Amino acid sequence: MSKELIRLSKCSMAFDGEYVLKDIDLYFKDKEFLTLLGPSGCGKTTTLRIIGGFLKPISGDVYFDGVRINDVPPHKRAVNTIFQKYALFPHLNVFENIAFGLKLQRQNGKKISKTEISERVLEMLDIVSLKGFEKRDVTLLSGGQQQRVAIARALVNRPKVLLLDEPLGALDMRLRKDMQNELKRIQQATGITFIYVTHDQEEALAMSDTIVVMENGEIQQIGTPEDIYNEPKNAFVADFIGESNILDGIMHQDGVVEIFGRKFSCLDGGFAKLEPVDVVIRPEDIDIVDSSAGMLRGTVTSITFRGVLYDIIVDFHGFKWLIQTTELYPVGADIGINIDPDGIHIMKKSSFSGMFGDYSSFSDEYENISDAEFEFEPMEDVERTEDRG
Ligand SMILES: Nc1ncnc2c1ncn2[C@@H]1O[C@H](COP(=O)(O)OP(=O)(O)O)[C@@H](O)[C@H]1O
Ligand SMILES: [Mg+2]
607 MSKELIRLSK
617 CSMAFDGEYV
627 LKDIDLYFKD
637 KEFLTLLGPS
647 GCGKTTTLRI
657 IGGFLKPISG
667 DVYFDGVRIN
677 DVPPHKRAVN
687 TIFQKYALFP
697 HLNVFENIAF
707 GLKLQRQNGK
717 KISKTEISER
727 VLEMLDIVSL
737 KGFEKRDVTL
747 LSGGQQQRVA
757 IARALVNRPK
767 VLLLDEPLGA
777 LDMRLRKDMQ
787 NELKRIQQAT
797 GITFIYVTHD
807 QEEALAMSDT
817 IVVMENGEIQ
827 QIGTPEDIYN
837 EPKNAFVADF
847 IGESNILDGI
857 MHQDGVVEIF
867 GRKFSCLDGG
877 FAKLEPVDVV
887 IRPEDIDIVD
897 SSAGMLRGTV
907 TSITFRGVLY
917 DIIVDFHGFK
927 WLIQTTELYP
937 VGADIGINID
947 PDGIHIMKKS
957 SFSGMFGDYS
967 SFSDEYENIS
977 DAEFEFEPME
987 DVERTEDRG
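Here the numbering used here is used: the sequence shown runs in plain steps of one and ends on residue 995.
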């Protein structure tokens, strides 16, 4: 995984004069699993469509193996796509679904032989763990099995690159997890470059070699899952990936940051003297101690049981932090906290500063993220009664 395979150079896209991609510079390495991650509308699908050749950028260039391919149509690119709605042919069995594309192909003007088609389909069935399923009716397969057939159908053409646009979106949680592992395994077994689109940060962290975080048609950060999680570049990335307390800080010197008027040791440096910065502290990096022994003192305002641990919200001078703890602290408890230097991450101020990081509305957020259909409605003054049947 070293050679550069695809490059987008200063690619921009606009619809009706509205820019949805702004000067994207990005390269994809051969055999890597790269994920485009970001909230809905940030430009992930548009980027994928440009790579697939379904859209032409209004400016900028697309290169494949060093050759400019802006004008090469989709079917002449060594790229295949799996969309969220992967529509199998219902009247064809598993074998025929996978063989469909191969039967239409010509190699040097000649059809691919029946033996070769059969060999390649069976090899694919093996790779997607559907050995023995060739005669099955696709309409009778489970969602996960249908997904595997769709993957086999895309991979049997031996593309150099597979584009996957939120392919697991329709599956339930358990199956999603299984298929994440499957996809990673299939990618490693075939050595095909996967470019994967998702808005789900957990999915991105679990599967990717490289994550590209996007927002507002721009790349916010490129890195390994560990880089992105441990060293977020700005407040947007810190908030989008995992849970983060994001605070205003002032850098006094390398390794010393001031938060809430207190100086803390950190590992970061390279800032101007007294430069205002954003400080990220992950909820799992905070140690709770006796209130008299803490670097900061606060009051617990809410508790959410999460199985292995509790999420508690703690009020420090009106700013609410999220802290994870295995011990229960009751609402109203005064606690102290300590943070090790490696739990404090310093970021440059950006256009996202001040937008994230306070957990005042945490329980609402909880309800919203667990309900995909959620739309905010003004609260009505209705007495809630509990219906227990
Ligand atoms: N064909 C189109 N015509 C007009 N606007 C579009 C079109 N395709 C995408 N957009 C807009 O471009 C933006 C980015 O869309 P998209 O790339 O689909 O985002 P994502 O996949 O990250 O959710 C959105 O604001 C979307 O409404
Ligand atoms: Mg999309």
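Idealized CB from N, CA, C, for every residue including glycine. None of the values given here were measured: they were computed from a predicted structure.
query                                                                                            : result
V727, DSSP secondary structure in three states                                                   : helix
Beta-carbon gap between Q930 and D946 smaller than 8 Å                                           : no
Per-residue DSSP class, three states only, for F695                                              : coil
Nearest-angstrom beta carbon gap, V673 and F701 [assumed within contact, 8 Å]                    : Not really, about 35 Å apart at Cβ, beyond 8 Å.
Buried/exposed call for R780, threshold 16 Cβ in 10 Å                                            : exposed
Own chain residues within Cβ distance below 6 Å of T907, not counting five before or after       : I919, D921
S615, DSSP secondary structure in three states                                                   : strand
Coil, strand or helix - P679 by DSSP                                                             : coil
Integer-rounded CB distance, given that A705 should sit under 8 Å from Y749                      : A small fix is needed here, since residue 749 is Gly in this sequence, not Tyr. That pair is no contact at about 22 Å.
Backbone CA spacing between I675 and Q713 [nearest angstrom]                                     : 22 Å
Terminal residues of the alpha helix (DSSP H) in which M785 lies                                 : 779-796
Backbone CA spacing between N822 and C648 [nearest angstrom]                                     : 5 Å
Cβ shell of F634 (< 7 Å), same chain only, five flanking positions each side left out            : L611, I612, L640, T799, I801
Sequence-distant residues of its chain with Cβ nearer than 7 Å to Q690 (five each side left out) : D771, E772, P773, G775, A776
Member of P765, F877, V755 whose CA lies at the smallest distance from the CA of R658            : Strictly speaking, residue 658 in this sequence is Gly, with Arg absent from that position. Selected option, being the one with the closest Cα: P765.
N-terminal and C-terminal residue of the beta strand (DSSP E) that E881 is part of               : 881-887
Limits of the unbroken beta strand (DSSP E) element including G666                               : 665-670
Cβ-based neighbour list, M901, same chain, cut-off 8 Å, excluding 5 preceding and 5 following    : R868, F870, G942, I943, N944, I945
Sheet register partners of D893 (DSSP bridge)                                                    : N944
Residue from T687, G666, D636, P645 with nearest C-alpha to F660                                 : T687
CB of M1014 within 8 Å of CB of A844, strictly                                                   : In this structure the chain extends from 607 to 995, so residue 1014 is not present and cannot be described.
Endpoints, the beta strand (DSSP E) within which E837 is located                                 : Looking at the DSSP string, E837 is not in any beta strand (DSSP E), and its letter there is neither H nor E.
Cβ-Cβ separation, T804 to L643 (assumed contact under 8 Å), whole Å                              : 6 Å
Cα-Cα separation between G797 and K637, rounded to whole angstroms                               : 5 Å
With 16 other Cβ atoms within 10 Å as the buried cut-off, status of F807                         : It should be pointed out that residue 807 corresponds to Gln in this sequence rather than to Phe. Looking at its Cβ environment, which holds 16 or more other Cβ atoms inside 10 Å, Q807 is buried.
Rounded straight-line distance, which links the Cα of E722 to that of N703                       : 16 Å
T641: CB within 7 Å of a non-hydrogen atom of ligand 2                                           : no
Neighbourhood of ligand 1 [Cβ distance below 5 Å to any heavy atom], ordered by chain position   : F621, V626, S646, G647, C648, G649, K650, T651, T652
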